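Visitor: My structure is below; once you've seen it, I'll send some questions.
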Amino acid sequence: MISRTSHRQQLLLHLDLLVHLVLASIQLSHSLDGTFSNQTATPPAKVPCRPDQASALLRLGRSFHSTNDSTCTLASWRAGTDCCGWEGVACAASDGGVTALDLGGCGLASAGGLHPALFDLTSLRHLDLSGNSLNESQLPDAGFERLTELAHLNLSYSDFVGKIPDGIRRLSNLESLDFSNWIYLVGDNDYFLPLGEGRWPVVEPDIGSLVSNLSSLKELYLDTVDLSGNGAAWCSAFANSTPQLQVLSLRGTNLDAPICGSLSLIHSLAKINLKYNRVHGQIPESFADLPSLSVLKLAYNLLEGPFPSRIFQNKNLTVVDISYNHKVSGVLPNFSSDSILTQLVCSNTNFSGLIPSSISNLKSLNKLGVAAADFHQELPSSLGELRSLTSLQVSGAGIVGEMPSWVANLTSLEILQFSNCGLSGQVPSFIGNLKKLSTLKLYSCNFSGQVPPHLFNLTNLGAINFHSNSFIGTIELSSFFKLPNLFRLNLSNNKLSIVEGKYNSSWESIDNFDTLCLASCNISKLPDTLRHMQSIEVLDLSNNHIHGTVPQWAWDNWIDSIILMNLSYNQFSSI
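Those letters in the sequence shown? Residues 1 to 575, by the UniProt record's numbering.
Shown next as structure tokens:
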């Protein structure tokens, strides 16, 4: 039996609990009310663009004009309107200062170079003027230092010349910097221009000084900036000053020095591109210790010695390109199924051994280049399992017989090259089924027979190189011009006889031709079709039977475009 006192105590306890529940409910209600009111409250109004910012932008905008290549008009840049809504402009909501200006790829031009009004936009964090022409002017040496908030600066492909401005060195908040210029490859063998002294439009004689204060830098692109004066200290400059660097791209920079091991001290390095230089010495073994390394491009250099095989063990590795380093040796490893390699190019090196059948494990591979001069077996048929391949480039005297039948399985191919090899026989008809082919290079081999007629079904073809084989027969030059996308053709040094054929004004490709090589093709008359080639850069008609004079239209039409022309060993009476 429960006593009255005990019952009263229980009632008090229940009452106390009820009070707590009510109070908690009230607090929760207030909390939820506050939450929902915050979610539905009108955000604070954005501050419009400051007048001084609009004025600076208008002055900058007036310095540019449209060209035939322009994709932006800046039509929204009008006085009296909020510049925060203008094309390519972003502002801080708090004070109306311009924080981003992105006119990248607009194709605008400025006859007077970069207007100093830019430097009045002192709140800029992002500046992209890439792909606009500054008319081969020098960048102002002073002014950039005022943009102290700048984190991203891109002035690539903007036609400026001279030194990188000193003010850049003081932008300690920079995370990405791109001063890349045009890298120009000409002809079928990717001849790199500029090749001679004075051809590099932008110069940086002291890379150490440039990056000494850029400790936040994560991405640096200086493609075709002349770094020839930097010597062996170039990589220690990065190791000492840019501890957060992730991307280093120095393609075609005239760099003539070894790669020092100190570069591997930058543990964040993920992408290294040093193609088209004169970098020499060995590839550092310590590159294998870079935990984030995903892209390693060292092609077209003077490197030598063994390639560090441990690099292939990096689980993040997607691209390795060491081609055209003739003294670099090594062997291809057994590839595991968890590899994420997308590009593997070791052609024109001194690699040897076997091409492992495990190469079929590289399911993500889209570009493969190997040289089989010293590989000790036929190309493995497992290559035909690489259905993602878009580019296959194979060279070497070790390849003999006919073109492998497994090539027919690679229907995603856009580039197919067999060169400097022992392949013989006719080009198989399955080539006509590789509908995505844009480049077909079968040169310096032993192919014979007629130029395959199924070739002319490949309407995406842009480049054909069949030089130095044993093709026979008479073929009309005009038949190639019917391919709507063709712009490079090399049939030199076969057993062919080339005749002109009938010109058709509807041909789309002829205006875009930049390379035509017909050496030793039994040509007796300069093809009149050539007068319609307004963009020709490389022309080789040597070792033919062409007589008469070089017509005036040739000099008139080609004077601005021609880079390499060979008319030797003909029967011209005058030129």
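We put the beta carbon where it would ideally sit given N, CA and C, even for glycine. As the structure is a prediction and not an experimental result, all values here were calculated from the model.
Kindly indicate the opening and closing residues of the alpha helix (DSSP H) around V211.
Guide: First-last of the alpha helix (DSSP H) with V211: I207 to V211.
Visitor: For N325 versus A288, is the C-beta spacing smaller than 9 Å?
Guide: No; because the gap between Cβ atoms is not below 9 Å, this pair is not in contact.
Visitor: Kindly indicate which three-state DSSP category N334 falls into: helix, strand or coil?
Guide: Coil, per DSSP.
Visitor: With a cut-off of 8 Å on the beta carbons, I'd call L442 and F418 a contact; round off their distance for me.
Guide: Confirmed, Cβ separation roughly 5 Å.
Visitor: Run through the DSSP bridge pairs and tell me what I498 is partnered with.
Guide: Partner(s): I475.
Visitor: Roughly how many angstroms separate the alpha carbons of Q450 and S492, rounded to a whole number?
Guide: Going from the Cα of Q450 to the Cα of S492 covers about 14 Å.
Visitor: Apart from the five residues just before and just after L434, which ones in its own chain have a Cβ nearer than 6 Å to its Cβ?
Guide: These residues qualify, in order along the chain: L413.
Visitor: Between N314 and L274, which are expected to be in contact by the criterion C-beta below 8 Å, what is the C-beta distance as a whole number of angstroms?
Guide: Not really, about 18 Å apart at Cβ, beyond 8 Å.
Visitor: Please check the pair L440 and L410, which I expect to be a contact at CB under 8 Å, by giving their CB distance rounded to whole angstroms.
Guide: About 13 Å; that fails the 8 Å criterion.
Visitor: Alpha carbon to alpha carbon, how far is L567 from S444?
Guide: So the two alpha carbons sit approximately 22 Å from each other.
Visitor: Compute the beta-carbon to beta-carbon distance between L101 and L124, rounded to the nearest angstrom, for a pair I have assumed lies under 8 Å.
Guide: Right, their Cβ atoms sit about 6 Å apart.
Visitor: Flag this pair as yes or no: are the beta carbons of A463 and S438 separated by less than 9 Å?
Guide: Going by C-beta atoms, A463 is nearer than 9 Å to S438.
Visitor: To the nearest angstrom, how far is the alpha carbon of S264 from that of E304?
Guide: Rounded to whole angstroms, S264 to E304 spans 19 Å at the Cα level.
Visitor: Which class does P194 belong to by DSSP, given the choice of helix, strand or coil?
Guide: Residue confidence for P194 is low, a pLDDT of 46 falling below 50, so the modelled location carries little weight; the figure read from the coordinates is stated next. Three-state result, P194: coil.
Visitor: Output yes or no for whether 9 Å exceeds the beta carbon distance between N557 and S520.
Guide: Cβ atoms of N557 and S520: not closer than 9 Å.
Visitor: Return the CA-CA distance between T73 and A79, expressed in angstroms with no decimal places.
Guide: Each residue's Cα considered, the two are about 15 Å apart.
Visitor: DSSP beta-bridge partners for P258?
Guide: The partner list for P258 (beta bridge, DSSP) reads H280.
Visitor: Roughly how many angstroms lie between the CA atoms of K46 and D95, to the nearest whole one?
Guide: Taking the straight line from one Cα to the other gives about 8 Å.
Visitor: Below 8 Å on the Cβ atoms is my contact criterion, and I expect S130 with S158 to pass it. Report the Cβ-Cβ distance as a whole number of Å.
Guide: Correct: roughly 6 Å between the Cβ atoms.
Visitor: According to the Cβ coordinates, are L214 and T242 closer than 9 Å?
Guide: For L214 and T242, yes; Cβs fall inside 9 Å.
Visitor: Just to confirm the assignment, what range does the beta strand (DSSP E) spanning N566 have?
Guide: Per DSSP, N566 belongs to the beta strand (DSSP E) from L564 to N566.
Visitor: Give me whichever residues DSSP pairs with N350 in a beta bridge.
Guide: Its beta-bridge partners are S329.
Visitor: Short check: CB of E204 to CB of N230, under 9 Å?
Guide: Yes, these two residues count as a Cβ contact at 9 Å.
Visitor: Excluding sequence positions up to five away, which residues of its chain have a Cβ less than 7 Å from the Cβ of residue 585?
Guide: Because residue 585 is not part of the residues shown, which for the chain are 1 to 575, the question remains open.
Visitor: Quick one: residues in its chain with C-beta nearer than 6 Å to the C-beta of R278, no 5 flanking neighbours on either side, listed in chain order?
Guide: Result list for R278: D256 and L302, in chain order.
Visitor: Apart from the five residues on each side of it in sequence, which residues of its chain come closer than 8 Å, Cβ to Cβ, to D69?
Guide: Taken in chain order, the residues that qualify are G107.
Visitor: Helix, strand or coil for T529 per DSSP?
Guide: In this structure, T529 counts as helix in the three-state DSSP scheme.
Visitor: What are the residues that DSSP puts in a beta bridge with Q138?
Guide: DSSP lists V161 as partners of Q138.
Visitor: Report the rounded CA-to-CA distance for L344 versus V295, giving the unit in angstroms.
Guide: In a straight line, the C-alpha of L344 is about 10 Å away from that of V295.
Visitor: How many angstroms separate the CA atom of P551 from the CA atom of I575?
Guide: One C-alpha to the other measures close to 8 Å.
Visitor: Can you tell me which residues form a DSSP beta bridge with S439?
Guide: What sits at residue 439 in the sequence shown is Thr, not Ser. Paired residues: I415 and A463.
Visitor: In whole angstroms, what separates the C-alpha of Y569 from that of C421?
Guide: When rounded, the distance between both Cα atoms is 28 Å.
Visitor: Starting from the C-beta of A232, find all residues in its chain whose C-beta is less than 8 Å away, skip the five residues before and the five after it, and write them out in chain order.
Guide: So the qualifying residues of the chain are A257, P258 and C260.
Visitor: What did DSSP end up calling S156 once you bin it into helix, strand or coil?
Guide: Reduced to three states, the DSSP call for S156 is coil.
Visitor: Which runs of the beta strand (DSSP E) spanning at least 3 residues fall entirely within the stretch 43–106, listed in chain order?
Guide: Within the stretch 43–106, the complete beta strand (DSSP E) runs of at least 3 residues are 89–91 and 98–102.
Visitor: Helix, strand or coil for R387, going by three-state DSSP, please let me know.
Guide: R387: coil per DSSP, three-state reduction.
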